[in-house]
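Visitor:
There are 2 protein chains.
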Amino acid sequence: MLDTDLSTPALVADLSALEFNLAHCAAALPGRRCRPHVKAHKTTGLARLQAAAGHDSFTCATPREVLGMARAGLGEDLLLANEVVDHDRLSAMAALLAGTARVTVAVDSEATVEAAARAGIAEVLVDVEVGLPRCGCAPGDAGRLADLARSRGLTVRGVMGYEGHVMAVQDRAERSAKVAAAMERLRIAHALVGGEVVSAGGTGTYDLHDEGTEVQAGSYLLMDTAYGRLGLPFHQALHVLATVVSVNERWAVCDAGLKSLAMDHGNPSIDGADVWFCSDEHVTYASADTTARPPKVGDRVLVTPAHVDPTMALHERLHLVRDGEVLDTLDIDLRGW
Amino acid sequence: MLDTDLSTPALVADLSALEFNLAHCAAALPGRRCRPHVKAHKTTGLARLQAAAGHDSFTCATPREVLGMARAGLGEDLLLANEVVDHDRLSAMAALLAGTARVTVAVDSEATVEAAARAGIAEVLVDVEVGLPRCGCAPGDAGRLADLARSRGLTVRGVMGYEGHVMAVQDRAERSAKVAAAMERLRIAHALVGGEVVSAGGTGTYDLHDEGTEVQAGSYLLMDTAYGRLGLPFHQALHVLATVVSVNERWAVCDAGLKSLAMDHGNPSIDGADVWFCSDEHVTYASADTTARPPKVGDRVLVTPAHVDPTMALHERLHLVRDGEVLDTLDIDLRGW
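Going down the list, the protein sequences come from chains A and B.
Heads up, the final residue of the first sequence is numbered 337 in our numbering, and it's a clean run with no missing numbers.
Heads up, the final residue of the second sequence is numbered 337 in our numbering, and it's a clean run with no missing numbers.
1) Could you give the C-beta distance for Ala-101 (chain A) and Ala-146 (chain A), rounded to a whole number, given that I count them as a contact under 8 angstroms?
2) Assuming contact is defined by CB atoms lying nearer than 8 angstroms, are Ser-109 (chain A) and Val-297 (chain B) in contact in what I supplied?
3) From the DSSP output, read off the bridge partner residues of Phe-58 (chain A).
4) Mind checking who Phe-277 (chain A) pairs with in its DSSP beta bridge?
5) For the stretch 122-206 of chain B, list the beta strand (DSSP E) runs that are entirely contained and at least 3 residues long, ordered along the chain.
6) If you run the structure through DSSP and keep just helix, strand and coil, what is Leu-11 (chain B)?
7) Using CA atoms only, rank isn't needed, just tell me which of A:Pro-133, A:His-209 and A:Val-124 is closest to Gly-158 (chain A).
8) Spell out whether any CB of chain B is found under 8 angstroms from the CB atom of Met-263 (chain A).
9) Which chain A residues sit within Cβ distance under 7 angstroms of Pro-9 (chain B)?
10) For Ser-16 (chain B), which of helix, strand or coil comes out of DSSP?
11) The stretch 38-51 of chain A: which residues have C-beta closer than 7 angstroms to a C-beta of chain B, in chain order?
12) Taking Asp-88 (chain B) as the query, report the chain A residues whose CB atoms sit under 9 angstroms from its CB, ordered along the chain.
13) Might you give, ordered along the chain, the residues of its own chain that have their beta carbon closer than 8 angstroms to the beta carbon of Gly-324 (chain A), omitting 5 neighbours on each side?
14) With DSSP as the reference, please indicate the residues paired to Cys-254 (chain A) in a beta bridge.
15) Might you give, ordered along the chain, the residues of its own chain that have their beta carbon closer than 8 angstroms to the beta carbon of Lys-39 (chain A), omitting 5 neighbours on each side?
16) Give me the residue from A:Leu-230, A:Asp-127 and A:Leu-80 with the minimum Cα distance to Arg-143 (chain A).
17) Since Leu-318 (chain B) sits in a beta bridge, which residues does DSSP pair it with?
18) Going along chain B in order, which residues have a C-beta closer than 7 angstroms to the C-beta of Ser-91 (chain A)?
19) Hey, how far is the Cα of Ala-27 (chain B) from the Cα of Leu-49 (chain B)?
20) Taking the beta strand (DSSP E) that Ala-92 (chain A) belongs to, which residues open and close that run?
21) Is the beta carbon of Ala-13 (chain B) less than 8 angstroms from the beta carbon of Val-283 (chain B)?
22) Does any CB atom of chain A fall closer than 8 angstroms to the CB of His-235 (chain B)?
23) Quick test of your reading: Lys-42 (chain B) and Leu-241 (chain B), contact by CB under 8 angstroms. State the CB separation rounded to the nearest angstrom.
24) Taking the alpha-carbon positions, what's the Leu-67 (chain A) to Arg-32 (chain A) distance?
25) So His-235 (chain A) packs on Asn-82 (chain A), CB below 8 angstroms; how close in whole Å?
26) Measure the Cβ-Cβ separation of Val-85 (chain A) and Ala-122 (chain A) and say whether it is below 8 angstroms.
27) Which of the residues in the stretch 105-116 of chain B, read from start to end, lie with their CB under 9 angstroms from any CB of chain A?
28) What residues from chain D crowd round Asp-280 (chain A), counting only those whose CB sits closer than 7 angstroms?
29) Go through its chain and collect everything with a Cβ distance to His-265 (chain B)'s Cβ below 6 angstroms, but skip five positions before and after it.
30) Label His-87 (chain B) either buried or exposed according to how many other C-beta atoms from any shown protein chain fall within 10 Å of its C-beta, with 16 as the threshold for buried.
31) List the residues that DSSP assigns as beta-bridge partners of Cys-34 (chain B).
32) Is it right to say Gly-153 (chain A) is buried, meaning 16 or more other beta carbons lie within 10 angstroms of its own, or is it exposed?
33) If I measure Cβ to Cβ from Gly-257 (chain A) and keep anything under 7 angstroms in the same chain, skipping five residues before and after, which residues do I get?
34) So what does DSSP say about Leu-49 (chain A), is it helix, strand or coil?
35) Check whether the Cβ of Glu-83 (chain A) lies closer than 8 angstroms to any Cβ atom in chain B.
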C-alpha cells in the first residue's frame with residue numbers, strides 16, 4: 001500500500017485482509033447469524049460486500065445509516081440498535097416501510113415506545129441492559145415494555161443487549177464467563193418479551209454466542225489495534241497512509257494526525273516505530289529499529305488506528321488496495337446523524 | 001441553546017460568547033498582530049467574522065484550508081504553517097498566486113524547500129523547532145535553509161515556531177518562562193534568516209508574545225474545556241447539543257458520542273454532571289446535583305468538548321445561537337485535506 005500515488009492522509013484497506021475477514025465471519029456466523037454493524041464502517045460499498053458474503057440483515061446506530069442503507073438497496077432487514085425520540089427522524093424511517101425496507105427500532109422506555117408508535121414505526125426490539133451502563137431497560141422491566149409496545153400496535157420481534165463492557169477483556173475464558181453472565185440477563189428478558197430475535201454481541205465476542213439468534217459484529221471487517229490485542233482470527237485491514245514531512249536525528253513527523261485517526265482508544269501504531277504523540281495533522285514517532293534506514297521526507301508510512309469506527313467517520317473515502325494498486329474507492333456515505 | 005428544535009447531536013456556538021472572544025482578541029492583538037488559525041474551526045463563515053474584527057491574515061494547517069479560504073475571498077495573506085511535499089497540492093496553492101490570494105508556505109528542510117520551489121510557490125517562512133517535538137529545523141540550521149530558498153527564487157518572509165508544548169502549562173508564570181525560552185530559539189533563527197515576519201504562539205500564550213510580529217491563535221474564538229482550565233479571559237462558546245435517550249436511577253445517556261466529540265483531550269463535560277464515558281453515539285453521565293430534577297428522556301443537554309479543533313472537524317454544520325434562537329447556520333466547509 002506504500003507505493004500508491006494517493007494524496008495523504010488517505011484511508012486504505014488491504015483487500016486481501018478484508019476478504020479474509022469476510023470469509024472467516026461468513027463461515028463462523030453464516031447468513032443472518034451475523035447482523036453486521038454498519039456503524040463500524042458507515043460505507044454502503046462495504047455493506048454490499050457483507051451482503052454478498054451472505055449477511056443481508058444489518059445493524060445501524062443512527063437514522064442516517066438506516067436511511068442510507070435503504071436507499072442503497074440494502075434494506076432487507078435493518079435494525080436501529082439505538083434509542084431515538086426525534087419524531088422527524090423516526091418518521092423518515094417509518095416512511096421507508098412503504099417501500100422495500102424493513103426497519104426495526106430499539107426501545108427501552110415508555111418514552112421510546114411512544115415515540116416509535118407515534119411516528120408509525122412498525123417493529124421494535126426491547127433493548128436490555130446486560131452490564132454496560134448505557135441504554136437498555138432492566139431485564140425484569142422488559143415484559144412490561146413489550147406489552148406496552150404491543151398495546152400501541154407495534155410488533156415486538158424480541159430482545160437485544162450489547163455486552164460492550166466485555167469487548168476489551170483480554171483473557172478469553174474471563175470474556176466468555178462475562179458474556180454468559182450478560183446473556184443470562186438477556187435470557188430473563190426474552191422469557192418475558194417473547195419474539196424470535198435475540199440479538200447481542202460484537203467482534204470481541206463473535207464466537208461466544210451459541211444461544212442468541214444473531215451477533216452484531218462490525219469491527220471484524222477492518223479491525224483496529226484495540227481488537228487486535230484480543231488474539232481474534234481477523235486480520236488488520238485498515239490503515240491510514242501518510243507521508244513523512246519532517247525528520248531529524250531523534251524523531252520523524254508524518255501527515256496523518258488526530259483529525260484522521262480516532263484517539264479514544266489511544267495512540268495509533270506504526271510498525272517498527274514508537275509513536276510519541278498525535279497533533280491535529282501530525283504523528284510524531286521514532287524508529288524502534290536502529291538497523292533500519294532512518295525515515296526521510298517523502299517516505300510513505302502506514303499508520304494503524306486504535307479504533308476503527310470513529311476513524312472511518314473522519315474520512316470521506318476509503319481506498320481498497322491490493323499489491324500496491326488501488327482497485328476501488330468507496331464513499332464513506334453514511335457519516336453524520 | 002437548550003430550547004432550539006435542532007435535531008441532535010448538533011454543534012452550536014453561543015453567539016454572545018463568540019462575539020466577546022472576537023472583541024477581546026481584537027483588542028489584545030489588533031489587526032495583523034493576530035493571524036487566526038483556521039484549523040481551529042475550518043469554517044469560512046467564522047473566518048469572515050475574524051476578518052471583520054480586523055484580522056485579515058490567516059494561518060492554515062492543510063492545503064484544503066488554504067484553497068477554501070482563497071475561494072471564499074479571504075486570501076489576503078494565507079500562511080500554510082505546515083510542511084507539504086505533495087506536488088499537486090503545492091501546485092494548486094501556487095496557482096492561486098495568479099489571482100488575489102497571497103500564499104506563504106512553511107519549510108524546514110531541503111526537501112520542503114525544493115518541493116515548494118518546484119511547484120511554483122513564491123513565498124516561504126522557515127519553520128523552527130522551538131521545543132515541541134514536531135516540525136521545524138534546528139535554530140542554527142535556519143540560515144542555511146533561508147539561503148537555499150532564496151537561491152531557488154523563493155522569497156523568505158521570516159520565521160515561525162509553535163511552542164505547542166507550552167499551551168497546556170497551567171501556571172501562568174511557568175508558561176511565560178517557557179514561552180521566553182522557546183522564543184529565544186526563534187530569535188536565534190530570525191537573526192540568521194532575516195525577513196519581517198516572526199510568527200508564533202497560540203491561544204494559551206496569546207498575551208505572552210510582545211516580541212514576535214504575530215500570534216497564530218485559533219481556539220480563542222470557540223474555546224474548549226482544556227483551554228478553559230488555563231484561566232484565560234475567553235468564554236466557552238462551543239457545545240454539542242444532545243438529547244437524553246435513556247435514563248434509570250443511576251445514570252442517563254444522551255445522543256452525542258465520540259463521533260461528535262473529539263476525545264484526544266479526554267472526556268467532554270456536562271454542567272452539573274459527572275461524565276462516565278463516551279461510546280460512538282452516546283455519553284453516559286450521572287447528575288452530580290442530587291437536588292436537581294433527574295434527567296428524563298427527551299431532555300436537552302449541552303455537552304462541552306475537551307478539544308475544539310478536532311470536534312469541529314467531526315461536524316458538517318455549526319449553528320450560531322442567541323437566546324435560544326438559531327440565527328445562522330454555517331457550513332464547516334474546510335474539512336479534509
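Every residue, glycine too, gets a C-beta built ideally from N, C-alpha and C.
Note that the structure is predicted; figures quoted are calculated from it, not measured.
Guide: To lay it out plainly:
1) Here residue 101 (chain A) refers to the residue found at position 101 when the first sequence is read from its first residue. Here residue 146 (chain A) refers to the residue found at position 146 when the first sequence is read from its first residue. By a beta-carbon distance limit of 8 angstroms, Ala-101 (chain A) does not contact Ala-146 (chain A). Their separation comes to about 23 angstroms.
2) Residue numbering aside, residue 109 (chain A) sits at position 109 when the first sequence is read from its first letter. Residue numbering aside, residue 297 (chain B) sits at position 297 when the second sequence is read from its first letter. For Ser-109 (chain A) and Val-297 (chain B), yes; Cβs fall inside 8 angstroms.
3) The residue you call residue 58 (chain A) lines up with position 58 of the first sequence. For Phe-58 (chain A), which the question treats as bridged, DSSP gives the partners A:Leu-78.
4) Residue mapping note: residue 277 (chain A) aligns to position 277 of the first sequence, counting from 1. In the DSSP output, where bridge partners are listed per residue, Phe-277 (chain A) has A:Thr-284.
5) For secondary structure counted as the beta strand (DSSP E) over 3 or more consecutive residues, the stretch 122-206 of chain B holds these complete runs in sequence order: 123-127, 155-161 and 197-200.
6) Translated into positions along the second sequence, residue 11 (chain B) becomes position 11. Of the three classes helix, strand and coil, the one that applies to Leu-11 (chain B) here is strand, per DSSP.
7) Numbered from 1 along the first sequence, position 158 holds the residue referred to as residue 158 (chain A). Of the candidates A:Pro-133, A:His-209 and A:Val-124, the residue whose Cα lies closest to the Cα of Gly-158 (chain A) is A:Val-124.
8) Locating residue 263 (chain A) in the first sequence gives position 263, where the first residue counts as 1. Yes, contact with chain B.
9) Your numbering for residue 9 (chain B) matches position 9 in the second sequence. Here the neighbours are Trp-337.
10) Position 16 of the second sequence, counting from 1, holds the residue named residue 16 (chain B). Helix, per DSSP.
11) Taking 7 angstroms as the Cβ-Cβ cut-off against chain B, the residues of the stretch 38-51 of chain A that qualify are Lys-39.
12) Mapped onto the second sequence, residue 88 (chain B) falls at position 88. By Cβ distance, chain A contributes Ser-7.
13) The count along the first sequence starts at 1 and reaches residue 324 (chain A) at position 324. Sequence-distant Cβ neighbours of Gly-324 (chain A) in its own chain, meaning closer than 8 angstroms and more than five residues away, are Met-1, Leu-2, Asp-3 and Thr-4.
14) Along the first sequence, one-based indexing puts residue 254 (chain A) at 254. Partner(s): A:Val-244 and A:Val-283.
15) Locating residue 39 (chain A) in the first sequence gives position 39, counting from the first residue. Take Lys-39 (chain A), set aside five residues on each side of it, and the residues of its chain with a beta-carbon closer than 8 angstroms to its own are Thr-59, Cys-60, Ala-61, Thr-62, Glu-65, Gly-218 and Asp-309, in chain order.
16) To locate residue 143 (chain A), count along the first sequence from 1; it is residue 143. With the sequence shown as reference, residue 143 (chain A) is identified as Gly, and Arg is not the correct amino acid for it. Closest by alpha carbon: A:Asp-127.
17) Against the second sequence, residue 318 (chain B) aligns to sequence position 318. For Leu-318 (chain B), which the question treats as bridged, DSSP gives the partners B:Leu-330.
18) Here residue 91 (chain A) refers to the residue found at position 91 when the first sequence is read from its first residue. None at all; the shortest Cβ gap to chain B is about 12 angstroms.
19) Residue numbering aside, residue 27 (chain B) sits at position 27 when the second sequence is read from its first letter. Residue numbering aside, residue 49 (chain B) sits at position 49 when the second sequence is read from its first letter. Taking the CA atoms as reference points, Ala-27 (chain B) sits about 15 angstroms from Leu-49 (chain B).
20) If you number the first sequence from 1, residue 92 (chain A) lands on position 92. Note, Ala-92 (chain A): premise wrong, no beta strand (DSSP E); alpha helix (DSSP H) at 87-95.
21) Along the second sequence, read from residue 1 onward, the residue named residue 13 (chain B) stands at position 13. Along the second sequence, read from residue 1 onward, the residue named residue 283 (chain B) stands at position 283. 8 angstroms or more divides the Cβ of Ala-13 (chain B) from the Cβ of Val-283 (chain B).
22) Numbered from its first residue, the second sequence carries residue 235 (chain B) at position 235. No, because no Cβ of chain A sits closer than 8 angstroms to the Cβ of His-235 (chain B).
23) Along the second sequence, read from residue 1 onward, the residue named residue 42 (chain B) stands at position 42. Along the second sequence, read from residue 1 onward, the residue named residue 241 (chain B) stands at position 241. About 19 angstroms separates the two Cβ atoms, so there is no contact after all.
24) Translated into positions along the first sequence, residue 67 (chain A) becomes position 67. Translated into positions along the first sequence, residue 32 (chain A) becomes position 32. The straight-line gap from Cα to Cα measures roughly 20 angstroms.
25) Along the first sequence, one-based indexing puts residue 235 (chain A) at 235. Along the first sequence, one-based indexing puts residue 82 (chain A) at 82. Not confirmed; about 29 angstroms, so no contact.
26) Taking the first residue of the first sequence as 1, we reach residue 85 (chain A) at position 85. Taking the first residue of the first sequence as 1, we reach residue 122 (chain A) at position 122. Their beta carbons are not under 8 angstroms apart, which means Val-85 (chain A) does not touch Ala-122 (chain A) by this criterion.
27) Within the stretch 105-116 of chain B, the residues whose Cβ lies closer than 9 angstroms to some Cβ of chain A are Asp-108, Ser-109, Glu-110, Ala-111, Thr-112 and Ala-115, listed in chain order.
28) Among the protein chains in the structure shown, which are A and B, there is no chain D.
29) If you number the second sequence from 1, residue 265 (chain B) lands on position 265. Residues of the same chain with a CB within less than 6 angstroms of the CB of His-265 (chain B), apart from the 5 flanking positions on each side, are Ala-226, Ala-306 and His-307 in chain order.
30) Start at 1 with the first residue of the second sequence, and residue 87 (chain B) comes out as number 87. Looking at its Cβ environment, which holds fewer than 16 other Cβ atoms inside 10 Å, His-87 (chain B) is exposed.
31) One-based indexing of the second sequence puts residue 34 (chain B) at position 34. Looking at the DSSP assignment, Cys-34 (chain B) forms a beta bridge with B:Val-215.
32) Taking the first residue of the first sequence as position 1, residue 153 (chain A) is located at position 153. It counts as exposed.
33) Taking the first residue of the first sequence as 1, we reach residue 257 (chain A) at position 257. Correct list, in chain order: Cys-278, Ser-279, Asp-280, Glu-281, His-282 and Val-283.
34) Counting from one through the first sequence, the residue named residue 49 (chain A) turns up at place 49. Looking at Leu-49 (chain A) - three-state DSSP - the assignment turns out to be helix.
35) Along the first sequence, read from residue 1 onward, the residue named residue 83 (chain A) stands at position 83. It does: the Cβ of Glu-83 (chain A) has a partner Cβ on chain B nearer than 8 angstroms.
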